[in-house]
Structure formats: structure tokens, C-alpha cells
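To start, the structure under review is shown below, and the notes come after it.
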Amino acid sequence: MCRFLAYCGEPVFLETLVCTPCHSLIEQSMHAAEAKTETNGDGFGVGWYSERTEPGRYCEIRPAWSDENLQSICSHVRSHLFFAHVRAATGTAVSRANCHPFKAGRFLFMHNGQVGDWPRLRRRVEAMIPDELYSTRTGTTDSEAIFLAALGEGLERDSVGAFQRVLHAIRDEMRALDITAPLRFTATWTDGDRVWAVRWASDDKPPSLYWRRGENGLVVVSEPVDSQRDQWRPVPPSGGLVARVGAAPEMFTFH
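For the sequence shown, UniProt numbering begins at 1 and goes up steadily by one.
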């Protein structure tokens, strides 16, 4: 499983969360504490918003701990909203095209989870992507396919509902094929104004997700990035949150 973080609030340098804390995302790429695999070395990515409508993005297949460009970028880029992700591949190629966060227009999306027995389901899930969006698919992951299918389901108008409809459709396909492996979806996405995060799984065992609202803004993480664990609040299974920059998050149920 992968590890990720999302931030929205007062502009800060990316390094304050990605690099500097004692259990930063770079540290988690080597020594994750709450993942199935301790090492998340199959590439990484960061995405951030500045003066432009569409976000910037940098991805690489090297492990996050060994890429000097990542640390240089994080020490110079300041943003009010950014995503970062370190990857542990689950059957698809280690390539830039498969690194999160995925980008489409003004949206960024990150996922930690799985579509059980993805090779059997891949063709059916990709068929959920509208023709006008399929040409933008650059990788082979289940994560990117879910994201593009949700865009086709009206992500811009009904963000939470779009993902729910896609996940329900995938679960129906899994049942039709008698696939018993779980569908797990701990994810976060943004349109550059709001940030959503959800924690859901078909077997009620979704990957971990925490949040904290500090002095500068809201941070959502796969696992706490520092030693102050009592300040981090877990998102419950089948739960989610949404927040705008500078505002307190609103909690919701995700079925």
C-alpha cells in the first residue's frame, strides 16, 4: 500500500511536511508504520497549486529518499494546497505514468488501496471511462482508471457521488465475476479550491487515514508525520471530509 499527504491552508513550503518532520513522507517511503509494506520505493509524486488554475506536478520512478530533485523542489516551492504520494506498486509497472497524484484539468487525485484481482477487471473498469477522457489515460493502474471514470460520472458537479457510483459499479462487476478480493478506496482529491478525503472498503478494512487542523491549515495523511499522535484524528471507516482553504473540515458518510 502507498502513503500520501494533502495540505490546504496558509502557503507553506512543501518541505515542512514532505521532508522535515521526524516521520515525514520521505521517511515513510523507507519506514512506513501502518502499511502492509514498510517500504514505498516504487516512485513518488507531488502536485501543487500556485497562481495558475491548473496544478504543477513532478513525478519520478526513483525512491523518494534518493531523489535530490524532490528535496530541492520542496525547499523552494511554497503553496496553499499541495499533494504528495510515495508508491508501493501492487502489480502494475513502475513508471512515471503510474505515479500519483494523477492530474486532469484543475483536478488532482491520489489513492491508497486496491481493486481486487485487477487484471481480470481492468477491461471492464476501463470501459467505464468515456471516450473523450480515455485518450488522457497514460498509465495502467486501477487508481487512474477510477479517477477518469469518476470524471465521466460528473466529478465536477457531484464529487462524492461520482466516486460512489463508480465504486458501486466496480463492486457489481466483481460480484459478477465471483471475485472475493476486496475493493479498498482510501483517497483524496481536489479541484484547487476544496479538498476531499474518504476512507472506504468493501470488506470494512480500509487503509488508514488521519487529519489535523493546525495553525497554518488542514493536513490529511495516511499516517501521522510527527510524534504528536494524540493531535491526529482518524477518519472512521466509511467516513470522509471536505474542506476549503482556511475553513474547518466538514465530515460526511461515504457508502
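Every residue, glycine too, gets a C-beta built ideally from N, C-alpha and C.
Met-174: member of the alpha helix (DSSP H) spanning 159-176, first to last residue. Here Thr-141 has Thr-92, Asn-98 as same chain residues with Cβ atoms under 6 Å from its own Cβ, once five neighbours each way along the sequence are excluded. For Arg-3, the three-state secondary structure derived from DSSP is strand.
Counting every other CB atom within 10 Å of its CB across the protein chains shown gives Ser-66 a total below 16, marking it as exposed. The C-beta of Leu-209 has 16 or more other C-beta atoms within 10 Å across all chains shown, which makes the residue buried.
For His-31, the uninterrupted alpha helix (DSSP H) segment begins and ends at 25-31. Gly-113 is bridged by DSSP to Phe-185. Excluding sequence positions up to five before and after Pro-11, its CB lies within less than 7 Å of the CB of Arg-78, Ser-79, His-80, all in the same chain and listed in chain order.
For the pair Thr-16 and Ser-143, the Cα-to-Cα distance works out to about 27 Å. According to DSSP, Trp-196 shares a beta bridge with Trp-189, Val-242. For Arg-96, there is no enclosing alpha helix (DSSP H), as DSSP gives it neither H nor E. Excluding sequence positions up to five before and after Ala-145, its CB lies within less than 6 Å of the CB of Val-125, Glu-126, all in the same chain and listed in chain order. Taking a 10 Å sphere around the C-beta of Leu-177, we find fewer than 16 other C-beta atoms and assign the residue as exposed. Boundaries of the alpha helix (DSSP H) harbouring Trp-118: 118-126, taken from the DSSP string. Just so you know, the alpha carbons of Ile-73 and Ile-61 end up roughly 16 Å apart. CA-to-CA, the gap between Trp-196 and Pro-234 works out to about 15 Å.
CA-to-CA, the gap between Gly-139 and Val-94 works out to about 10 Å. For Arg-87 and Thr-39, the gap between their C-alpha atoms comes out near 9 Å. Boundaries of the beta strand (DSSP E) harbouring Ser-79: 78-86, taken from the DSSP string. DSSP lists Val-221, Pro-234 as the beta-bridge partner residues of Tyr-210. The Cβ atoms of Thr-190 and Phe-107 lie closer than 9 Å to each other.
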